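Residue numbers (the working numbering): 14 to 283. Backbone N, C-alpha and C define an ideal beta-carbon position, used for all residues, glycine too. Since we're looking at a predicted model, the values are computed, not measured. Report on the structure given below.
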Amino acid sequence: MKILRTKNDLKEAICKIKNLGFVPTMGSIHNGHISLIKKSKYKCDKTLVSIYVNPKQFNNKKDFADYPRNRIKDLNILKKLNVNFVFMPSTKEIFSEKRVKKILLPKNQKILCAKFRKGHFEGVLDIMDRLIKLINPSYTFMGEKDFQQLFLVNKFIGKKYKNIIIPCKTVRNKNFLALSSRNFLLSKKDLKQAGQISKYLFKLKFSLKKNNKFNNYLFNKKKELQKKFNIKIDYLEIRNEKNLTTLTKNKKIRLFVAYYINKVRLIDNF
Ligand code: AMP
């Protein structure tokens with residue numbers, strides 16, 4: 014496994030590879046990331062994993078500082094998986110070139126997490142654009158766990174390069190909680206409660222299929238959930254799975270949620 018820290022080393026290492034799979038991560042590798050890596054290894058000749066905690070996508074300095082980091086453990090896991098390359102750039106390295114045109118999210122996309130985390134997706138799109146341009150992969154593997162991220166990267170970056178973005182199913186633990194690096198910040202008690210919330214939301218999604226008047230129903234469910242688990246909820250919304258609009262009648266729908274357990278913000282969709 015080659016560990017690459019500079020753009021030059023990266024270019025030199027991968028320039029001759031035809032069918033390269035790319036798995037972008039912020040590290041603290043868990044089974045969700047591993048499922049993406051396994052998919053890439055199956056589909057591609059070589060796999061490159063990036064580990065970079067991107068400060069530009071954090072709208073809160075403390076959240077960035079507290080984000081779990083565990084490089085030695087990460088590298089051990091990736092080595093055991095026979096990953097070919099790990100790209101771990103510094104901020105100076107990856108952001109050395111100034112952008113001529115600032116990335117701005119259109120107004121109609123300021124929904125869900127974009128509404129509650131100012132500048133978050135602009136930061137995500139910036140780093141993903143830089144990474145994909147640099148790595149030039151054949152395929153990039155991304156999780157449905159971060160559905161809005163997957164949607165926006167596909168919409169604004171996917172078509173810019175020849176790279177194809179492959180959506181991957183959310184991996185959950187035995188309590189049905191979606192795996193996330195942020196789960197490492199939760200106590201045992203919090204994890205149990207987050208699992209109960211996931212089960213509640215999973216059932217809620219299926220009850221919604223029969224119910225067309227989502228708005229009032231969800232408003233009440235949000236209140237009920239807040240009270241039952243004593244949590245702060247940023248949003249609990251049903252959206253059209255294809256374009257994330259609120260046009261949901263006779264369309265495939267998804268339930269989106271963002272909430273806080275002990276100041277740790279979790280997101281999921283069902
Ligand atoms: P992150 O390190 O959180 O930025 O995630 C890196 C990639 O892994 C993103 O494409 C995520 O959507 C994906 N991912 C994170 N958690 C999961 C999960 N539980 N199941 C599947 N993919 C995941």
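If you run the structure through DSSP and keep just helix, strand and coil, what is residue i?
i: ASN256; result: coil
i: TYR273; result: strand
i: PRO119; result: coil
i: ASP326; result: The question about residue 326 has no answer, for the chain in this structure spans 14 to 283.
i: THR19; result: coil
i: LEU268; result: strand
i: ASN282; result: strand
i: PHE189; result: coil
Applying the 10 Å Cβ sphere with the 16-neighbour rule, what's the burial state of residue i?
i: LYS234; result: buried
i: GLU237; result: exposed
i: PRO119; result: exposed
i: VAL10; result: Look at the range of the chain in this structure, 14 to 283, and you will see that residue 10 is not part of it.
i: CYS28; result: exposed
i: ASN228; result: exposed
i: LEU231; result: buried
i: PHE134; result: buried
i: LYS158; result: buried
i: ARG112; result: exposed
i: LEU217; result: buried
i: SER211; result: buried
Near residue i, what residues of its chain come up, given a Cβ to Cβ distance below 7 Å and the 5 sequence neighbours on each side ignored?
i: HIS43; result: LEU192, SER194
i: PHE164; result: LEU257
i: VAL96; result: MET14, ILE50, THR60, VAL62
i: LYS131; result: ASN72
Excluding the 5 residues flanking residue i on each side, which residues of the same chain have their C-beta closer than 6 Å to its C-beta?
i: ASP142; result: ILE170
i: PRO68; result: PHE77
i: LYS325; result: No answer is possible for residue 325: the residues shown for the chain start at 14 and end at 283.
i: PHE337; result: Residue 337 cannot be examined here, being either before or after the span of the chain that is shown, 14 to 283.
i: HIS46; result: THR38
i: LEU94; result: ILE50
Quick check: what's the CA-CA separation for residue i versus residue j?
i: GLN209; j: PHE215; result: 10 Å
i: LYS201; j: ALA207; result: 10 Å
i: ASN176; j: LYS240; result: 45 Å
i: GLN162; j: CYS126; result: 9 Å
i: LEU249; j: ILE124; result: 12 Å
i: PRO81; j: LEU88; result: 15 Å
i: PRO180; j: GLU25; result: 28 Å
i: ILE148; j: GLY40; result: 18 Å
i: PHE108; j: ILE140; result: 8 Å
i: ASN263; j: LYS222; result: 10 Å
i: LEU17; j: GLY34; result: 16 Å
i: LYS31; j: ASP58; result: 8 Å
i: ARG185; j: LYS74; result: 28 Å
i: ILE178; j: LYS172; result: 10 Å
i: LYS245; j: TYR272; result: 6 Å
i: ASN196; j: THR261; result: 31 Å
i: ASN275; j: GLU254; result: 30 Å
i: LYS86; j: SER220; result: 41 Å
i: LYS284; j: TYR174; result: Because the chain here runs from 14 to 283, residue 284 falls outside it and cannot be looked at.
Excluding sequence positions up to five away, which residues of its chain have a Cβ less than 8 Å from the Cβ of residue i?
i: GLU106; result: ARG18, THR19, LYS20
i: ARG278; result: ASP76, ARG195, ASP247, ALA271, TYR272
* Asked: Can you list the beta strand (DSSP E) stretches of 3 or more residues lying completely in the segment 197–258, in chain order?
  -> 245–253
**Report entry** Residue ranges of each alpha helix (DSSP H) within the segment 80–141, 4 or longer
**Finding:** 84–93, 104–107, 126–129
Check: Can you list the alpha helix (DSSP H) stretches of 4 or more residues lying completely in the segment 24–71, in chain order?
Finding: 44–56
_Quick check on the DSSP output: what are the complete alpha helix (DSSP H) runs of length 4 or more inside the segment 150–177, in order along the chain?_
160–166
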